[in-house]
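*Asks:* Here it is: the structure, laid out below.
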Amino acid sequence: MLSAVDCVFSVPENRKGLSAEGGDTVHVSNRLGHPGCVEAWEMVAPAETEDQDDWTAPFDATPEQAPAAILARRIAHRISQMIGKETIVEKDRERPIRAGDILVLVRKRDAFVNALTRALKSPYDVPVAGADRLKLADHIAVKDLIALGRFAVLPEDDLALAAICKSPILSLSEDDLFSIAARRKLGEHVFSALRRLAAAGDEAFAKTVTTLERIINAARRRTAFDFYAGILAREGAGVPFLPGSAARPVISLMSS
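Residue numbering for the sequence shown follows my numbering, beginning at 74 and increasing consecutively.
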């Protein structure tokens, strides 16, 4: 799938809008060897129709012949063909696709989202969660990642460090955090105290300091995207918090 993206941006005219440098676009998947598929559909062009004002229709109703409605019906039909009929591989075992395996990404939450929800429910009766089940910025996992970025930029941010100490990235306990804070010297920041305790021979804290220093160095050398991609892939922060996981029985819609 990523190779299809690289193919699109291999054309110099397309690559102009991607980066100022104009270098080659090369993506490397973290899931090497996993199957993937990209389907290219014909573009839906708006048909020339006369404006018909129906005062009984909702003000935000999407006309049946609008491109958004046509695309929604196409996607709903394709999804109905996948569920229970096509298969995916999970933990080295092949199983039928369920509704909870599917996540629909949209550019924004406009009339298309409502049209797709209606098309999935009728006539295909596909369970769908809708578009407003999760606000990313309010999720604890996202808050942990934001705190991590704040600490990486400013290691003296004690509150941000306390937040990530309790996160899956470091997995320290309340007792560990209290022990670090209680043994600080006057005016000493938490990270400085943590490094001092690690240097004194505390192996558990030494491992934590190594991880934090690796994160700080990565933030100095990488872009924001590369930084968080590395955290999610290599530092154990890639927890399945997003909707659309196999544990969910319904399709989820999410704006990018």
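Even for Gly, the Cβ is constructed at its ideal location relative to N, Cα and C.
These figures come from a predicted structure and were not determined experimentally.
Hey, out of GLY157, PHE278, GLU167 and ILE242, whose CA is closest to ILE213's CA?
*Replies:* As a position in the sequence shown, residue 213 is number 140, starting the count at 1. Closest by alpha carbon: ILE242.
*Asks:* What residue does the alpha helix (DSSP H) around ARG88 start on, and which one ends it?
*Replies:* The count along the sequence shown starts at 1 and reaches residue 88 at position 15. Here the alpha helix (DSSP H) through ARG88 covers 85-88.
*Asks:* Please tell me whether ALA255 has its Cβ less than 7 Å away from any Cβ of chain C.
*Replies:* Absent from the structure is chain C; it holds one protein chain and no more.
*Asks:* Which of the three DSSP states is assigned to GLU276 in this structure?
*Replies:* To locate residue 276, count along the sequence shown from 1; it is residue 203. GLU276 falls in the helix class under three-state DSSP.
*Asks:* Once DSSP output is grouped into helix, strand and coil, what is the label at GLU286?
*Replies:* If you number the sequence shown from 1, residue 286 lands on position 213. GLU286: helix per DSSP, three-state reduction.
*Asks:* Quick one: which unbroken alpha helix (DSSP H) runs of 4-plus residues sit fully inside the segment 129-174? Chain order, please.
*Replies:* Segments of the alpha helix (DSSP H) lying fully in the segment 129-174: 140-155.
*Asks:* Decide yes or no for the touch test of the segment 136-147 against the segment 106-125: beta carbon pairs closer than 8 Å, at least 3 of them.
*Replies:* Yes: at least three Cβ pairs fall under 8 Å.
*Asks:* Assuming PHE266 and ALA279 form a contact by the criterion Cβ under 8 Å, report the distance between their Cβ atoms to the nearest whole angstrom.
*Replies:* The residue given as residue 266 occupies position 193 in the sequence shown. The residue given as residue 279 occupies position 206 in the sequence shown. Checking the sequence, you will find Ala at residue 266 rather than Phe. Actually they are not in contact, since the Cβ atoms of ALA266 and ALA279 sit about 13 Å apart, beyond 8 Å.
*Asks:* Could you tell me whether the segment 166-173 touches the segment 210-229, where touching means 3 or more Cβ pairs closer than 8 Å?
*Replies:* Segments in contact, no.
*Asks:* Which stretch, first to last residue, makes up the alpha helix (DSSP H) that contains VAL78?
*Replies:* To locate residue 78, count along the sequence shown from 1; it is residue 5. Note, VAL78: alpha helix (DSSP H), 75-81.
*Asks:* Between which two residues does the alpha helix (DSSP H) holding VAL226 run?
*Replies:* Counted from its first residue, the sequence shown places residue 226 at position 153. VAL226 -> alpha helix (DSSP H) spans 213-226.
*Asks:* How many Å lie between SER76 and ALA145 at the Cα?
*Replies:* Taking the first residue of the sequence shown as 1, we reach residue 76 at position 3. Taking the first residue of the sequence shown as 1, we reach residue 145 at position 72. Their Cα atoms are separated by approximately 26 Å.
*Asks:* Could you have a look at LEU176 and say whether DSSP puts it in helix, strand or coil?
*Replies:* Taking the sequence shown and counting its residues from 1, one reaches residue 176 at position 103. Residue state, collapsed to three classes: strand.
*Asks:* Would you mind reading off the limits of the alpha helix (DSSP H) that contains ASN187?
*Replies:* Within the sequence shown, the letter at position 114 stands for residue 187. Here the alpha helix (DSSP H) through ASN187 covers 184-194.
*Asks:* Which whole-angstrom value describes the C-beta separation of ALA225 and ALA292, a residue pair presumed to lie in contact below a C-beta threshold of 8 Å?
*Replies:* Within the sequence shown, numbered from 1, the residue matching residue 225 stands at position 152. Within the sequence shown, numbered from 1, the residue matching residue 292 stands at position 219. So it is a contact: roughly 4 Å between Cβ atoms.
*Asks:* I need the DSSP call for VAL201, collapsed to helix, strand or coil.
*Replies:* On the sequence shown, residue 201 is found 128 positions in, with the first residue counted as 1. Strand, per DSSP.
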